[in-house]
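A short worksheet on the structure shown next.
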Amino acid sequence: MRYDLLLCGVGGQGIITLSEIVATAAVSNGHKTIVTQSRGLAQRGGAVRAHIRIGDVYAPLMPKKAAHCMISLELSESLRYVEYLNPDTIKAVSTTVVPTGGEKKKKKGPSAEELRLILEEKVTTYLGGQLLIVEAERAARDAGVPRGANIFMIGILCGMDPRIESFISRDDMARAVETVVRHDRKGNLLMFEKGTAYGESKKQK
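Using the working numbering, you'd call the opening residue of the sequence shown number 121 and step up by one each time.
Here is the structure:
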């Protein structure tokens, strides 16, 4: 048995923190865990990606079409990794769009709505399965935890995908949030709880 999780976003969104949370939760249960991070220009808003492989795994990178779940904290970044997805992949994507340096200086890139339509077309045309587009940053702001969008998204994973429970329970993940996150632990636990509830409400029956 294995579980392959793909995390993607840009620098400053907390992708590395999420990978540490998931790895901490998995290792605390005695599961073999391989984490491969690609930071790029993380400090400048560049692309950040993490492959997290749990269970009977040996290679650092998951095969194409093998992801059980993709969590993307930035809309355009999710388009880079469609090749890792399949119809059964849980695809949870934040509506956030972060302009690149070139877009800031020259012209605007695609809008959030345009990117959303492109992603929906790719998923429905080539993959199928469930795609969840989430206003994660708004949820975090509304809860008074503006830096908690990433924790909200990892909560969605726990609420939506029962397959991960073979390796990590919701309580395991909550404890890992407390262990890894050094600021506003109470607020981030609240975001995790809100995320799991939201994910549960979107779970396919």
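C-beta atoms are modelled at their ideal positions from N, C-alpha and C, and glycine is treated no differently.
In this text the structure is predicted, and so the values were computed from the model without any measurement.
Asked                                                                                              : Found
Whether Ala187 touches Thr209 by CB criterion (8 Å)                                                : yes
Contact check, Ser139 vs Leu127, beta carbons under 8 Å                                            : yes
Buried or exposed (CB count within 10 angstroms, at least 16 for buried), Tyr246                   : exposed
Distance, Ile271 Cα to Asp281 Cα                                                                   : 16 Å
Contact belief for Ala170 with Thr156 at Cβ below 8 Å, rounded distance in angstroms               : 7 Å
Length at least 3, wholly inside the stretch 228-309: the beta strand (DSSP E) runs in chain order : 251-254
Alpha-carbon spacing of Arg283 relative to Thr144, whole angstroms                                 : 18 Å
Supposed close pair Gly275, Glu313 - CB separation, criterion 8 Å                                  : 7 Å
Residue range of the beta strand (DSSP E) that includes Val168                                     : Ala167 to Gly175
For Gly268 and Pro207, believed in contact at Cβ under 8 Å, the rounded distance                   : With a Cβ gap of about 30 Å, Pro207 and Gly268 do not count as contacting.
For Lys226, three-class secondary structure by DSSP                                                : Only weak support is given to the placement of Lys226: the predicted model assigns it a pLDDT of 47, under 50, and the value that follows is read from those uncertain coordinates. Residue state, collapsed to three classes: coil.
Sheet register partners of Gly129 (DSSP bridge)                                                    : Val168
Same chain, Cβ closer than 6 Å to Arg305, neighbours up to 5 away in sequence not counted          : Glu298
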